[in-house]
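**Q** I have a structure here, written as structure tokens, and I will follow up with some questions on it.
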Amino acid sequence: MFALVDAVSFYASAEKVFDPTIRKRPVVVLTNNDGCICAVCPIAKKLNIPKFEPYFKVKAQLDKYNVVVRSSNYELYADLSARMMNEISRFSDNQYIYSIDESFLNFTGFNHLINDWNEYGHTIRKAVWRKTKIPVGVGFGPTATLAKAANHAAKKLPGFDGVAVINNELSRKRILKLMSVEDVWGVGRRISKKLKLMDIHTALDLANQPAKLMRKQFSVVLERTINELNGTPCLSWDDVKQKKKEVYSTRSFGERITDPHSLRAAFAAHCNIVARKLRKQGSLAKRIVIFAHSSPFEDHYYKRSFIYEFPVASNDVSVFSNAVKHLFLNIYSPNVRFQKCGVGAIELEDEMYRQGDLFNLSQDKPELMKCLDTINQRFGNDTLKLASEKQTSFWRMRREFLSPKYTTRWSDIPRIKC
DNA sequence: TCTGGGGTCCTAGGACCC
DNA sequence: TCTGGGGTCCTAGGACCC
């Protein structure tokens, strides 16, 4: 049995934790640079506030309903997420954190110890609420996709109170029948549109399709989804937890960038993040890609990207940064107002099996990287970085509606007036 | 005043080779 | 007269997720 536990509009709920004045009001949270809406609390949802619309386009609607608007406060969310995940991890010895607010639990081996899953789900909910004041939904199912479906039911379908269980044919069919096909994990807007033309409307309709045939018409991904909906695991636990095959760090600038130094510093910062992510999952990159572009919404759209192949796969920041130094001149162009750039690591190898090269010695300094990681884990990722990242203030984001970092800064600690 | 997120994986189609 | 294989690699863009 699997469980999927995730928060109810996590960012918006996080904003409500330390600010009682907004708990009963509609709240939305914006993405970086206050670009789009990325979280809508249940009260705001009732006002039909759309998710992932550009902020400036819905501003009038938000004003009209007196909606509370907040910029993304990742420092706060990351800290609350860690607390939430820690609490959830008590309920299984096998947890996989899938995103900042979602984690899967695997109960293989002790299914028989739990005789009432529904009750167990409520125990998890209550525990998380007590510790963090974040509301979560809990879904149980024999496959990851069914656990996802149950989670959807728990939060969205009438008759469920934050917990749903799929543990037999009856419950499986009941929930899938109530679920619209576009709400299935792995089915997006495009595919659901096509499916509906084929008269497939509910999750159950999809589950009843022949998987092999659907693979031909769509892709492997949909074939897997169909099998999973029928209780046949395709994403084994190991697959769910698999290492990433590509790792990226990209960001839009708060203001357009035209000078080479800022762009260069941005690339260095992205190298740092990507290399850190690689080390975290124990991977080395054989190749990296770097790109930068102007705004696609303006005229004269400019985009350049280059791939660099290392003689020996690496996860060392300085090696990455050196590579970028070479590519940089191919990408930078004066007269371009850069809006976004990024670095990606592709073609990853396992760090366990570092492949040497007879003619090119690895430039990696694993001990130095370990030292860097240890220090940054303890004192924050900004503590030690490359000199070439200096003046990273360039990506000073627009964050007009930022709330305090209640749990991670002494200066922001909540005060109670007596 | 101006404004449009970030991340990962998959696939179709083109270029190139023998 | 008209037609013409099979494989690998690369890349851009699509699709999905949160």
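Per UniProt numbering, the first sequence starts with residue 1, numbered consecutively. A virtual CB, placed ideally from N, CA and C, is assigned to each residue, including glycine. Remember, it's a predicted structure, so these values are computed and weren't measured experimentally.
Could you tell me the distance, in whole angstroms, from the CA atom of residue 269 to the CA atom of residue 120?
**A** Those two C-alpha atoms are separated by around 44 angstroms.
**Q** Taking all protein chains shown into account, decide if residue 371 is buried (16 or more other Cβ within 10 angstroms of its Cβ) or exposed.
**A** When all chains shown are included, residue 371 counts as exposed.
**Q** State yes or no: is the C-beta of residue 104 within less than 8 angstroms of the C-beta of residue 240?
**A** Closer than 8 angstroms, so yes.
**Q** Should the region 220–230 be called in touch with the region 183–197, which here means at least 3 C-beta pairs below 8 angstroms?
**A** Yes, they touch.
**Q** Below 8 angstroms, can you find three or more Cβ-Cβ pairs linking the region 128–141 to the region 164–179?
**A** Touching, per the Cβ criterion.
**Q** To the nearest angstrom, report how far apart residue 256 and residue 202 are at their CA atoms.
**A** The straight-line gap from Cα to Cα measures roughly 45 angstroms.
**Q** Nearest to residue 146 by CA position, among 382, 179, 67, is which residue?
**A** Considering only alpha carbons, the answer is 179.
**Q** For the beta strand (DSSP E) that residue 121 lies in, which residues bound it at each end?
**A** No beta strand (DSSP E) contains residue 121, which is instead part of the alpha helix (DSSP H) from 117–132.
**Q** Identify which residue in 34, 116, 50 has its Cα closest to the Cα of residue 40.
**A** It is 50 whose Cα lies nearest to the Cα of residue 40.
**Q** Answer yes if the region 228–237 comes into contact with the region 284–297, meaning at least three C-beta pairs across the two stretches below 8 angstroms, and no otherwise.
**A** Taking 8 angstroms as the limit for Cβ pairs, the verdict is that the region 228–237 does not touch the region 284–297.
**Q** Between residue 318 and the rest of its own chain, which residues show a CB-CB distance below 6 angstroms, the 5 nearest in sequence each way excluded?
**A** Hits under 6 angstroms: none found.
**Q** Expressed to the nearest angstrom, what Euclidean distance is found between the alpha-carbon atoms of residue 414 and residue 78?
**A** The alpha-carbon atoms of residue 414 and residue 78 are separated by roughly 17 angstroms.
**Q** By the three-class DSSP mapping on this structure, what secondary structure does residue 300 have?
**A** Three-state DSSP puts residue 300 in coil, outside helix and strand.
**Q** Starting from residue 347, follow the beta strand (DSSP E) in both directions and report where the run begins and ends.
**A** Run containing residue 347: 338–350, per the beta strand (DSSP E) assignment.
**Q** Is DSSP giving residue 228 helix, strand or coil here?
**A** Residue state, collapsed to three classes: helix.
**Q** Quick check: residue 253 and residue 328, are their CB atoms within less than 8 angstroms of each other?
**A** Not in contact: residue 253 and residue 328 (Cβ atoms no closer than 8 angstroms).
**Q** Tell me the residue span of the beta strand (DSSP E) that contains residue 284.
**A** From DSSP, the beta strand (DSSP E) with residue 284 extends over 283–294.
**Q** How many Å lie between residue 277 and residue 247 at the Cα?
**A** Those two C-alpha atoms are separated by around 7 angstroms.
**Q** Out of 351, 303, 56, point me to the one whose CA is closest to residue 400's CA.
**A** It is 56.
**Q** Alpha helix (DSSP H) containing residue 161: first to last residue?
**A** Per DSSP, residue 161 belongs to no alpha helix (DSSP H) and is neither H nor E.
**Q** Quick check: the Cα distance between residue 335 and residue 388, rounded to an integer number of angstroms?
**A** Near 23 angstroms, if we compare the C-alpha coordinates of residue 388 and residue 335.
**Q** Do residue 283 and residue 348 come within 8 angstroms of each other at the CB atom, strictly closer than that value?
**A** In contact: residue 348 and residue 283 (Cβ atoms closer than 8 angstroms).
**Q** Determine the direct distance from the alpha carbon of residue 116 to that of residue 313, and round the result to whole angstroms.
**A** Each residue's alpha carbon lies about 49 angstroms from the other.
**Q** What is the rounded straight-line gap between the Cα of residue 94 and the Cα of residue 25?
**A** Distance between the alpha carbons of residue 94 and residue 25 is about 37 angstroms.
**Q** Are the beta-carbon atoms of residue 87 and residue 4 separated by less than 8 angstroms?
**A** Against a cut-off of 8 angstroms, the Cβ pair of residue 4 and residue 87 comes out as no contact.
**Q** Compare the Cα-Cα distances from residue 352 to each of 281, 177, 82 and report the closest residue.
**A** For residue 352, the nearest C-alpha among the options comes from 281.
**Q** For a minimum of 3 consecutive residues, which ranges assigned as the beta strand (DSSP E) are wholly contained in the region 48–81?
**A** As far as the region 48–81 is concerned, its whole beta strand (DSSP E) runs of at least 3 residues are 68–70.
**Q** Skipping 5 residues on each side, what residues in its chain have a beta carbon closer than 7 angstroms to that of residue 176?
**A** Same-chain partners within the cutoff: 149, 202, 203, 204, 207, 229.
**Q** So, at 7 angstroms on beta carbons, what are the nonlocal neighbours of residue 52 in its own chain, with the 5 sequence-adjacent residues on each side left out?
**A** Excluding residues within five positions, the ones whose Cβ falls inside 7 angstroms are 36, 37, 38.
**Q** Between which two residues does the alpha helix (DSSP H) carrying residue 145 extend?
**A** Taken as a continuous stretch (DSSP letters only), the alpha helix (DSSP H) holding residue 145 covers 144–156.
**Q** Please confirm whether any heavy atom of the ligand COA lies closer than 7 angstroms to the CB of residue 293.
**A** No copy of the ligand COA appears in this structure; indeed no ligand is present at all.
**Q** With H, G and I counted as helix, E and B as strand and the rest as coil, what does DSSP make of residue 355?
**A** If DSSP states are grouped into helix, strand and coil, residue 355 belongs with coil.
**Q** May I have the straight-line CA-CA distance separating residue 289 from residue 66, to the nearest angstrom?
**A** So the alpha carbons of these two residues sit roughly 44 angstroms apart.
**Q** Please classify residue 18: does DSSP put it in a helix, a strand, or coil?
**A** Coil at residue 18, not helix or strand.
**Q** I'd like to confirm the pairing. Which residues does DSSP put opposite residue 202 in its beta bridges?
**A** Paired residues: 180.
**Q** In whole angstroms, give me the CA-to-CA distance for residue 286 and residue 123.
**A** Cα to Cα, the separation comes out at about 46 angstroms.
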